[in-house]
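J.: According to the UniProt record's numbering, the sequence shown is numbered sequentially starting from 1. Here's a structure for you.
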Amino acid sequence: MGSGYLKRKRKRQELLNDFYSALWSSSPGIAGDQFSKLVKRTVYHYPSSLPFPDLLDDDFPAEPYRSRNKDIKSAIHWGQRKLLLSEIQLLCMYCRPGVSYHIVYAGAAPGTHLAFLDEMFACRHTWELIDPGQFDRAVLEPRANFRLRNEFFTNATAYSINARRLTEVLPALGFVYQHVAVESVQAEKKAIHEQLQGIVGTLDVARGTEDIPAMYEAPLSLPKGLVLLVQVALERNKPLLFISDIRSGSVALPNFEDHVAENMRAQECWTNILHGEHSMLKFRLPYTSKSTKYGGQGVVRETRLIREDGTVPYLRGDLLLPIWTRPTSTEGRLVVPQGAFQKDYNVTHVEDQFFFFNSRVREQVHFNHLVVHDDKLDHHYDAAAEVHCLLTYLRFMRPELKAAKTGDLRKEVLRVAHSITEHLGITFEDAARRRDALMINQAKRNQSKAVVDHKDDADGDEEAEDQEAKSAVFNMCAGSSESASVADTTAPEPRSEWELTMQRLVRLSTYDRNRPVWTRNVREEEHSKASGFWVTTKMPQS
């Protein structure tokens, strides 16, 4: 252990002690009570001998939902990194080594990071990106293996992709399919598509309208023999992956849940039409209830999108646990195999599983991994999951690393992690700062304004939220500078109890993220006694 690391560790602890002293003196009541709960919150260790938990399956634990609007949440949300890591998982966990795939990506704009992802996988795949929004053309258009389509994804889009791929291998069958399928689809554009056509290619095409652009359309009833023949013929072409990251509407709209439900149904239909080897779909079930004000306050409204037995039918598949997602999110990525049937998802149970994941696994479970003494990749779930994901990627792309020494693997993981950070253009500190500023800004902005919100946090538009977070950080910095230059006689604007509470929670979250318990591995041979909580063991708390 180097002296530099020990110096940084001592300095960090000194700063945290100073921070806590200031916090205690400024608000001894609430802050003291919350800090007491924080230090009493037990941290458990997940044994390295067990498979890393990267899937939310039927056996994953659940805990009944309770409001966490006044809980300390130390988990960091980093939407761009979350999306990139899920795509890496798809390409190395579900693809065959050395095989080139054709990737159809609905909702891909702006797609800046996809050039970086393509290079991570040696530019071996071809990409067809379809989105009415604005693409980063300067980055993507020079790449010969990318095709950009500025349009809405519809059933006709899926049928036309099949027809083109059939024509490439069996022109006669492609001609028949073009006539029977593509030309039989409703030729007229939906009214909403006509209405939005003038702004196709701009940033917010599908987000500001209550009308739903990605609406479910019933598929054609094609002859079963033709469908089977097409599926067999398409095996002569390169295998296809389908990714859907479509999003329409805004969380502020009164029918946002309808947007989510229709987006889910539409992408399910496209998955069945395209019949790809695997499909990765944005997955978020309807909420069982929603509050009408920020922080879980207001009258609770029941949703009408769930069947009487409490279930929603949807395609079966692997539900990937999200990495760097929102602290209370119930959204994941569902990887669906070719020909998957539907299953019934119990909405309350899945919601309670996500609650266990967010409130327990991400906040209280410690993981060992090979990156040690790193200020960024600590031993919370999200950092450990990223290390696990990058290890899987490295062994997939470079099989010789399966026998590599730990030190060599550590260097490679850090190299890739740092390159991701450099590409995304923000640091871990920036991501934490943006999330903290966003939470304070939302508490301030919504203290008296009714908003649609699922209990604590809503799975809304991540790009819009990122922009709001950037603005919130800028405004906080500008506000601090301005307040320092204003005369002492100027009365400051009073802050609401909600805003003050959120500021305290943000500070305590910073303290929790930097506790020494999260900075090192555990000697598992010395700490193997079962804790009684899930599959974890007891571990030192200091």
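For every residue, glycine included, the Cβ atom is placed at its ideal position computed from N, Cα and C.
Excluding the five sequence neighbours on either side, which residues of its own chain have a C-beta within less than 6 angstroms of the C-beta of K238, listed in chain order?
T.: So the qualifying residues of the chain are S100 and H102.
J.: Compare the C-alpha of D318 against each of H45, L90, Y46 and T537 and name the closest.
T.: Minimum Cα distance to D318 is reached at L90.
J.: V336: which of E308, K282, H388 and V361 sits nearest, CA to CA?
T.: Minimum Cα distance to V336 is reached at K282.
J.: Write down every uninterrupted run of the alpha helix (DSSP H) in the region 93-137 whose length is 4 residues or greater and which is fully enclosed by it, in chain order.
T.: As far as the region 93-137 is concerned, its whole alpha helix (DSSP H) runs of at least 4 residues are 112-120.
J.: Considering only their Cβ atoms, is the gap separating Y287 from E312 smaller than 7 angstroms?
T.: Residue 312 is actually Val in this sequence, not Glu. No.
J.: Which residue from E257, Y314, D309 and D258 puts its Cα closest to that of T271?
T.: T271 has its Cα closest to that of Y314, out of E257, Y314, D309 and D258.
J.: How is K538 classed by DSSP in three states: helix, strand or coil?
T.: Reduced to three states, the DSSP call for K538 is coil.
J.: DSSP has I243 in a bridge; who is on the other side?
T.: Beta-bridge pairing links I243 to Y105 and M280.
J.: Measuring alpha carbon to alpha carbon, tell me which of I323, Q342 and S329 ends up nearest R265.
T.: Per the Cα distances, Q342.
J.: Rounded to whole angstroms, what is the Cα-Cα separation between K73 and T510?
T.: Each residue's Cα considered, the two are about 9 angstroms apart.
J.: Is the separation between the beta-carbon of L394 and that of E412 shorter than 7 angstroms?
T.: Contact: yes.
J.: For Y294 and Q442, I'd like the C-alpha separation in whole angstroms.
T.: No answer about Y294 holds up, because its pLDDT of 49 lies below 50 and its placement is not dependable.
J.: Using only alpha-carbon positions, find the residue among L117, T167 and S329 that is nearest to F146.
T.: Ranking the options by Cα distance to F146, first place goes to L117.
J.: Kindly indicate which three-state DSSP category Q231 falls into: helix, strand or coil?
T.: Here Q231 sits in helix by DSSP.
J.: What residue does the alpha helix (DSSP H) around P286 start on, and which one ends it?
T.: Element bounds for P286: n/a, residue is neither H nor E.
J.: Return yes when the Cβ of V387 is within less than 7 angstroms of the Cβ of F242, no when it is not.
T.: No, the Cβ-Cβ distance between F242 and V387 is not below 7 angstroms.
J.: Could you spell out the range, first to last residue, of the alpha helix (DSSP H) harbouring residue 549?
T.: Here the chain has residues from 1 to 542 only, and residue 549 is not among them.
J.: Are the region 400-407 and the region 76-89 touching by the rule of at least three beta carbon pairs closer than 8 angstroms?
T.: No, because fewer than three Cβ pairs between the region 400-407 and the region 76-89 fall closer than 8 angstroms, the two stretches do not touch.
J.: Please list the terminal residues of the continuous alpha helix (DSSP H) segment that includes H388.
T.: Unbroken alpha helix (DSSP H) run through H388: Y381 to M397.
J.: Contact between the region 344-362 and the region 58-66 is defined here as three or more beta-carbon pairs at a separation below 8 angstroms; is this criterion met?
T.: The region 344-362 is in contact with the region 58-66.
J.: Looking only at C-alpha atoms, which of L55, L50, N69 and H77 sits nearest to M502?
T.: When each option's Cα is compared against that of M502, the closest is N69.
J.: Is Q70 helix, strand or coil by DSSP?
T.: Here the sequence assigns Lys to residue 70, which means Gln is not the residue at that position. Three-state DSSP puts K70 in coil, outside helix and strand.
J.: Give the straight-line distance between the Cα atoms of L414 and R495, rounded to the nearest whole angstrom.
T.: Each residue's alpha carbon lies about 42 angstroms from the other.
J.: Count the other CB atoms within 10 Å of the CB of A138; is the residue buried (16 or more) or exposed (fewer)?
T.: Exposed, because fewer than 16 other Cβ atoms sit within 10 Å of the Cβ of A138.
J.: Please list the terminal residues of the continuous beta strand (DSSP E) segment that includes H418.
T.: No beta strand (DSSP E) holds H418; the alpha helix (DSSP H) holding it covers T406 to L424.
J.: For P53, does the count of other Cβ atoms within 10 angstroms reach 16, so buried, or fall short, so exposed?
T.: It is buried - the Cβ of P53 has at least 16 other Cβ atoms within 10 Å.
J.: CA-CA distance, S507 and R435?
T.: Looking at the sequence itself, residue 507 is Arg, so the reference to Ser does not match. In a straight line, the C-alpha of R507 is about 12 angstroms away from that of R435.
J.: Report the rounded CA-to-CA distance for A163 versus R333, giving the unit in angstroms.
T.: Going from the Cα of A163 to the Cα of R333 covers about 28 angstroms.
J.: How about L390: is its Cβ closer than 6 angstroms to a heavy atom in the ligand NAP?
T.: This structure does not include the ligand NAP; it has no bound ligands of any sort.
J.: What does P327 pair with, by DSSP beta-bridge criteria?
T.: Bridge partners of P327: none, in fact.
J.: Could you pull out every residue in the same chain whose Cβ sits closer than 8 angstroms to the Cβ of V236, ignoring the five residues on either side in sequence?
T.: Going by the sequence as given, residue 236 is Arg instead of Val. Excluding positions up to five away in sequence, the list reads V169 and L170.
J.: What residue ranges within the region 328-364 form continuous beta strand (DSSP E) runs of no fewer than 3 residues, ordered along the chain?
T.: Counting only runs of 3 or more, we get 332-337 and 342-346.
J.: What three-state label does DSSP hand Y65 in the structure shown?
T.: Here Y65 sits in coil by DSSP.
J.: Output needed for residue 612: all residues of its chain with C-beta closer than 6 angstroms, excluding positions within five of it in sequence on either side, in chain order.
T.: For the chain, the structure presents residues 1 to 542; residue 612 sits outside this window and is missing.
J.: Tell me whether R143 sits in a helix, a strand or coil according to DSSP, three-state version.
T.: The answer is coil: DSSP assigns R143 none of H, G, I, E or B.
J.: Which residues bound the alpha helix (DSSP H) around L438?
T.: Residues F428 to R445.
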